[in-house]
Structure formats: C-alpha cells, structure tokens
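Everything below concerns the one structure shown next.
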Amino acid sequence: MKYDFDTSIERKNTNSIKYDPVSRGKPEDVLPLWVADMDFAVPPCVQDALTTRARHGVFGYSEPGVSYYSAVQNWFKNRFNWNTEKEWLCITPGVVNALYLAVRAFTKPGDSIVIQQPVYYPFASSVQKTGRTLLVNELVYKDGIYTIDFEDFENQIRRAKLFILCNPHNPAGRVWTQDELFRMGEICLRYGVKVIADEIHQDIIFSPNKHLVFAGLDERFNDITITCTAPSKTFNLAGLHHANIFISDERLRASFKQEYDSCGLSQPNIMGLISCEAGYTDGARWLDELIIYLADNMALLDNFLKTNIPKIKLVKPQGTYLAWLDCRELGLSSKELDAAITQKCKLWLNDGPMFGKGGSGFQRMNAACPRSFLQSALERLRNIGLV
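The numbering used here applies: residue 24 is where the sequence shown begins, and numbers increase by one.
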C-alpha cells in the first residue's frame with residue numbers, strides 16, 4: 024500500500040469529542056470506538072491543499088468556484104455514473120443540518136415522516152424535535168442480514184409526507200440493491216411522498232456490493248428527492264462542517280433554500296470547500312486503499328468473534344466502516360450489556376437502543392482505526408465472558 028493506515032495518531036487533548044470520555048459520563052480509561060469519525064490522517068492531497076490555504080493567511084467570506092463544482096460533479100459521475108447539474112447543489116454545514124432543514128421545508132408540525140429503524144439516531148430527533156410525527160418501518164433481521172418489510176413500508180408511507188432513506192444504512196451496513204430502491208421509490212411516488220436520501224457513507228462500499236444513487240435510478244425519483252452527501256465520512260473531514268445537498272426540482276430547491284436562509288446561514292466554510300475539492304480531485308487512490316484496509320479490519324473483527332466470543336456476531340457490513348454487533352446471545356438486558364462493555368471491557372461503543380426499534384441487544388463499533396488499536400479493543404472485549 025502507498026498510504027499508511029497503521030500509524031496511530033495521538034488524538035487526546037485535541038478537542039476531539041471521540042477522545043473525551045469523562046465529559047460524556049464514561050470512565051477515563053475506555054478505548055473509544057463510538058462516534059463515526061476515523062482515526063486516520065486525511066489524504067495528503069487534502070493536507071497539502073489546507074496547508075497552502077492556511078499560509079495565504081486570509082480567511083474571508085468565500086463561495087465555491089468553477090473548479091469546485093467540476094470536482095464534485097466529476098466525482099459523482101466517475102464513481103456512481105450520476106450526472107448532476109451545478110444548479111442542483113446546495114452547500115450546508117452538514118448532513119444532519121440538512122435533515123432538519125428539509126423536514127421543516129417540506130412538512131409542517133404534525134405531519135408524519137417515515138424512517139427505517141434501527142437507524143442513525145438524528146433521523147428520529149429531526150422528526151420529533153420539530154414537532155412532526157414519527158412512523159417506523161422496522162427493518163427485518165434474519166440470517167445475518169437486514170431486509171425491508173415492504174408491506175409494512177407501504178402501510179407507513181400511505182400515511183406520510185416524507186421518507187428519510189439511509190443508503191448505505193447506518194448501523195445495519197446494508198447497501199440497498201436496485202430492486203429494493205426501485206420498490207421504495209415506486210411506493211413513494213404512488214402516495215406523493217418526498218424522499219430525503221442520506222447517502223453520506225456512499226463511498227465506503229465493500230466488494231462485490233455497489234452503491235446506487237437513489238435519485239439517479241429514475242428521473243421520477245430525482246424529482247422528489249433531496250440527496251444528502253458529504254466528503255466527511257470519505258476523507259475524515261467531519262470537523263470542517265461541509266455537505267453537498269443535491270435537489271434537482273426547482274420548486275423543492277427554492278423551498279429548501281428559503282428554510283436555509285431563514286436560519287441565518289450564508290457562505291460555507293472556506294476550509295470545507297478546499298478540503299472537499301482536493302479530496303474529490305486527487306483522493307480517489309487514497310480512498311481505494313482505505314476501503315481495502317477497512318475490509319481487512321472487518322474480517323479481523325469477524326474472525327476474532329467467531330473464534331473467541333461466538334455469542335457476539337458481526338452483522339457483516341456491505342458498506343460503511345461501522346460494525347453492528349449482535350450481542351443478544353449473551354442474555355443481558357441492553358442496560359446490562361452497555362455496562363459490561365464499558366465497565367468490564369473498558370470500551371466505548373454506541374448502545375444499540377439509541378438507534379431505535381430493533382437496537383436492543385446490539386452495539387455499534389467504529390472499525391476505522393489502525394489495526395493494532397482494533398486488536399487491543401478486541402482483546403478487551405474478551406472480558407465480556409466474565410460477566
């Protein structure tokens with residue numbers, strides 16, 4: 024490999040929330056494998072671009088230039104065969120921010136919104152904290168993989184104004200197939216339901232799976248979809264607060280921008296613009312090597328559990344660097360399981376119930392770290408047998 028993913032980088036005392044357990048009620052000696060940022064340095068091309076801009080010394084109000092739009096459009100064309108237009112693009116401080124903006128722009132208080140749990144917890148909060156009604160199409164877990172109950176999906180969608188799709192799915196690790204995406208899209212069209220497609224993990228896909236942009240599958244889907252993307256998961260840029268939101272329909276885009284303006288938001292972060300353009304221009308090779316490294320980490324995790332802790336099973340991810348661990352055979356309540364992970368194993372993971380229905384008895388582990396760090400975490404996980 025050309026790039027180094029094995030070197031451990033000290034992140035304590037760098038204002039990292041990932042490495043600040045005490046402020047979040049965790050013991051000081053836990054190993055953090057929870058929040059979804061990576062422990063790898065960003066690609067050299069991004070470091071170089073940021074360093075060059077920092078040396079310029081002036082950081083005034085900024086807007087994306089022609090080269091930025093070209094980099095973004097070329098990335099989606101080359102990696103996903105999705106043709107986009109410059110006019111579709113809205114830049115926000117993040118995908119979660121965009122979720123809230125879209126919920127407020129396209130629904131009113133009391134309207135129903137469908138999500139598929141267990142799922143990234145801000146989906147539910149974006150509905151509930153804005154006074155909307157939450158409807159859940161619970162995913163079906165069987166034989167080590169999550170699938171969609173389409174009969175229930177249609178029953179929920181017929182009552183809704185909006186559907187929030189997670190593709191690839193966090194934390195289930197599913198990369199939805201063309202057939203699954205088409206079926207969801209056709210049902211949404213049938214009942215006039217708009218779609219927020221959170222595709223932030225789209226670049227981390229394990230072979231032979233392939234990410235399909237939901238809006239790119241059918242022109243009709245494109246017209247009802249707000250596609251949320253960001254370079255943050257791809258290149259480890261979460262702290263720069265930068266997301267690219269694609270909305271092809273002019274009326275939907277105008278409503279979204281009106282809501283954006285009402286929040287007092289204006290120009291994007293200059294460093295977010297620069298890092299995104301650099302990554303999308305010259306970061307493909309780094310990303311390809313990263314995916315190989317992450318796949319090996321997942322294989323290590325899977326083999327370790329099968330050999331040493333067979334009562335914990337990895338829900339084998341098709342995408343994302345997040346490992347969803349099925350711990351139900353341990354026979355512990357969710358509260359007991361989380362306490363054992365924290366107190367006995369000295370690990371800081373995400374407790375399954377925070378992802379909603381179906382999360383009880385599960386834990387989410389971030390495997391985007393040097394292999395030696397992951398190995399240390401797995402050795403600690405052995406202590407779960409002492410419970």
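C-beta: ideal position from N, C-alpha, C; glycine also.
Residue pairing by DSSP places Asn331 opposite no residue, since no beta bridge is assigned to it. Within the same chain, Cβ atoms closer than 7 Å to the Cβ of Ser383 are found at Ser357, Gly375, Pro376, the five residues on either side in sequence being excluded.
Note on geometry: alpha-carbon atoms of Asn373 and Gly262 lie some 20 Å from one another.
In the same chain as Pro132, and ignoring 5 residues on each side of it, the C-beta atoms closer than 8 Å to its own belong to Thr153, Gly154, Arg155, in chain order. Our two residues, Asp311 and Met207, have alpha carbons roughly 30 Å apart in a direct line.
In the structure shown, the three-state DSSP call for Tyr144 is coil.
Inside the region 133-211, DSSP marks whole beta strand (DSSP E) runs of 3 or more residues at positions 135-138, 156-159, 163-165, 168-170, 185-189, from first to last along the chain. Pairing Pro393 with Lys41, the inter-Cα distance amounts to about 15 Å.
Judged by beta-carbon spacing, Asn190 lies within the 9 Å limit of Phe237, meaning their Cβ atoms are closer than that value. Put simply, the region 156-165 does not touch the region 312-323. Fewer than three CB pairs are less than 8 Å apart. As computed with DSSP, Arg276 is found in no beta bridge at all. Within the region 31-102, the complete alpha helix (DSSP H) segments at least 4 residues long are 67-79, listed from N- to C-terminus. Nearest to Glu209 by alpha-carbon distance, out of Trp57, Phe186, Pro116, Asp325, is Phe186. The criterion of a C-beta distance shorter than 9 Å is not satisfied by Gln225 and Phe146. Taking 9 Å as the cut-off, the Cβ atoms of Ala59 and Tyr344 count as close. Contact between Asn331 and Lys367 is absent: CB atoms are separated by about 15 Å, not below the 8 Å threshold. Straight-line measurement puts the Cα of Gly379 at about 7 Å from the Cα of Tyr144. Collapsing the DSSP output to three states places Asn267 in a strand. In chain order, Ser149, Thr153 place their CB closer than 6 Å to the CB of Val126, counting only its own chain and leaving out the 5 sequence neighbours on each side. By the CB criterion at 9 Å, Leu353 and Leu54 fall outside the cutoff. For Arg403, the enclosing alpha helix (DSSP H) begins and ends at 394-404. When the Cα atoms are used, Asp241 and Ala301 turn out to be separated by approximately 30 Å. Taking C-beta separations shorter than 7 Å and ignoring five residues to either side along the sequence, the partners of Tyr214 in its chain run Ile180, Arg181, following chain order. Counting C-beta pairs closer than 8 Å gives fewer than three between the region 215-224 and the region 82-89, which falls short of the contact rule. Here the alpha carbon of Glu110 sits roughly 8 Å from the alpha carbon of Ser271. Judged by beta-carbon spacing, Val142 lies beyond the 9 Å limit of Leu158, meaning their Cβ atoms are not closer than that value. A Cβ-Cβ distance of about 5 Å is found for the pair Leu56 and Met388, placing them in contact under the 8 Å criterion.
According to DSSP, residue pairing for Lys217 in a beta bridge involves Leu185. Cβ contact annotation for Ser135 (same chain, cutoff 6 Å, sequence separation greater than five): Thr156, Leu158, Arg182, Ala183, in chain order. Here the alpha carbon of Ser298 sits roughly 10 Å from the alpha carbon of Pro66. By the Cβ-count criterion, Cys68 is buried, with 16 or more other Cβ atoms from all chains shown falling within 10 Å of its own Cβ.
In the DSSP assignment, Cys251 falls within the beta strand (DSSP E) that extends over 248-252. Contact between Phe269 and Leu112 is confirmed by a C-beta separation of about 6 Å, below the 8 Å threshold.
Taking Glu273 as reference, the option from Leu348, Asp246, Thr115, Pro44 with the minimal CA-CA separation is Asp246.
Counting only the Cα atoms, Phe28 lies some 13 Å from Arg308. Annotation for Thr248: Val218, Ala220, Phe237, Ala238 place their beta carbon closer than 7 Å to its own, counting only its chain and skipping 5 residues before and after.
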